[in-house]
Amino acid sequence: MTKPNTHYKELKDSYLFFGIAQKVNAYLEKNPGKRVLRLGIGDVTLPLCPAVIDALHKAVDDQSKKESFHGYMPECGDPALRECVHRYYAERGIALEKDEVFVSSGASDELGDILDLFDKDNTVLIMEPAYPAYVDANVIAGHRILHLPADKENGFLPMPDKAHKADLIYICSPNNPTGAVFSREQLKKWVDFAKEHETVILFDAAYEAFIEDETLPHSIFEIEGAKDCAIEICSLSKTAGFTGTRCGYTVIPKALERGGMNFNAMWVRNRTTKTNGVSYIIQRGAAAVFTPEGQRQIHENIRLYKENAAELMKVLDALGIWYCGGKNAPYIWMKCPDGMGSWEFFDFLLEKLQIVGTPGEGFGSCGEGFFRFSTFGNPDDTKEAARRLYEAFKK
Ligand code: MLT
């Protein structure tokens, strides 16, 4: 008999954002015509920037001519795009080899796929609240999970402790969902801890482009010693609006080895077996993100999302509601008002104010009592949501 992966039984009934979308659809079916303001899933609303669109059009035309047509792409990425990412790191003082950069179809895909590199018999440390795909992907992979709760007292930035006996550590900074960002000194402590315990850090840098405080690190590889204990996974989804276009990159330094095995070489072996690469057209569009024009344009979009953040923060400040994030990250993590539970607040917002956000409990039990707003929404919706919030909670 075929044996199914019984770890699926250990998962919650539905994935967080899928479950929320179903709740919102059910609400709209019962209340047709209501204007629901969507600040839930972190999905971008601004279109791709002109530099990317031009490159995509040109790449489509390339595929129409025999001389410029591309079939299979190199499995680990188009060398031209790998070079762009390599330069992007070099500009920040991080020296990589070009084949330490792998092109991917996005961070969420990669965060699950990368687990192929690790034995089932590993314990994974996940700081919570956490992006729910970390937990789900590790449950499916059959790993043991050590949940490390963060809280308001440690600024949602937990630090290592001898008791954390894990073989893999997830770090997301700027953090989804809390928007908190580790300082260089704090990340150095995690790197030292990983080296001491021969652990590998999976560093999710999907939100690095939102950092505005110049003292904060964008990459784990800004930290001395990280190259032999970390893998960095990044995405153009939030940086450049690629949620529906799909492209990202992963850095696996050649110095990273455990048990006599080299993770960079293993990932080459994995990718050449399991993928035929990201499409030529998409990789051409992604390369345009790294041109000076592309960088200017994506940062203009990021600036517009930050205006959304400012609208929400202004109202939370006026209401005296505690929150973090918003400044160096596209998420605002707030305390639910009036002692409400996070799903209670979700229902209140949906039913009374027609605002969709994400309940903190969905990111782990220590998120209970907190709530996340995405700042990727439409500006008019965000302003209106801020207004409705203010009216509902002003004293
Ligand atoms: C989120 O809302 O946490 C993200 O959009 C999810 C994702 O990037 O897949």
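Going by numbering that gives the first Met the number 0, 50 is the number at position 51 of the sequence shown; the sequence numbering is gapless.
We put the beta carbon where it would ideally sit given N, CA and C, even for glycine.
Checking the 7 angstroms criterion, the Cβ of residue 41 is within range of a heavy atom belonging to ligand 1.
Inter-residue distance for residue 205 and residue 258 is about 29 angstroms (C-alpha atoms, whole angstroms). By the criterion of at least three beta-carbon pairs nearer than 8 angstroms, the stretch 236-252 is not in contact with the stretch 19-30.
Going by DSSP, residue 139 is part of the alpha helix (DSSP H) stretching over 131-140.
Judged by DSSP in its simplified three-state form, residue 321 adopts coil rather than helix or strand.
Distance from residue 50 to residue 292 at the Cβ level is roughly 5 angstroms; contact confirmed, criterion being Cβ atoms closer than 8 angstroms. If one requires a minimum length of 4 residues, the alpha helix (DSSP H) runs lying completely within the stretch 266-300 are 279-288, in chain order.
Residue 160 is classed as exposed because its beta carbon has fewer than 16 other beta carbons within 10 Å across all chains shown. Under the three-state reduction of DSSP output, residue 257 falls in the strand class. Around the beta-carbon of residue 105, 16 or more other beta-carbon atoms lie within 10 Å, marking it buried.
8 angstroms or more divides the Cβ of residue 57 from the Cβ of residue 295. Contact between the stretch 73-88 and the stretch 165-183 is not established, with fewer than three Cβ pairs separated by less than 8 angstroms.
For residue 88, the uninterrupted alpha helix (DSSP H) run begins and ends at 78-89, by DSSP. The alpha-carbon of residue 169 is positioned some 34 angstroms away from that of residue 353.
Taking 7 angstroms as the cut-off, the C-beta of residue 14 does not count as close to any heavy atom of ligand 1.
Only residues of its own chain outside the window of five on either side were considered, and among them 310 have a CB closer than 7 angstroms to the CB of residue 382, listed in chain order. Below 8 angstroms, enough C-beta pairs join the stretch 193-202 and the stretch 213-230 to call them touching: three or more. Ranked by Cα distance from residue 261, the options 68, 290, 70, 226 are led by 226. Inter-segment contact for the stretch 98-118 and the stretch 262-276 is present: three or more beta-carbon pairs are separated by less than 8 angstroms.
For residue 23, the enclosing alpha helix (DSSP H) stretches over residues 15-29. Scanning 141, 132, 133, 128 for the CA closest to the CA of residue 153 turns up 128.
Here residue 305 is buried, its C-beta having at least 16 other C-beta atoms within 10 Å. Going by beta carbons, residue 43 and residue 375 fall inside the 8 angstroms limit.
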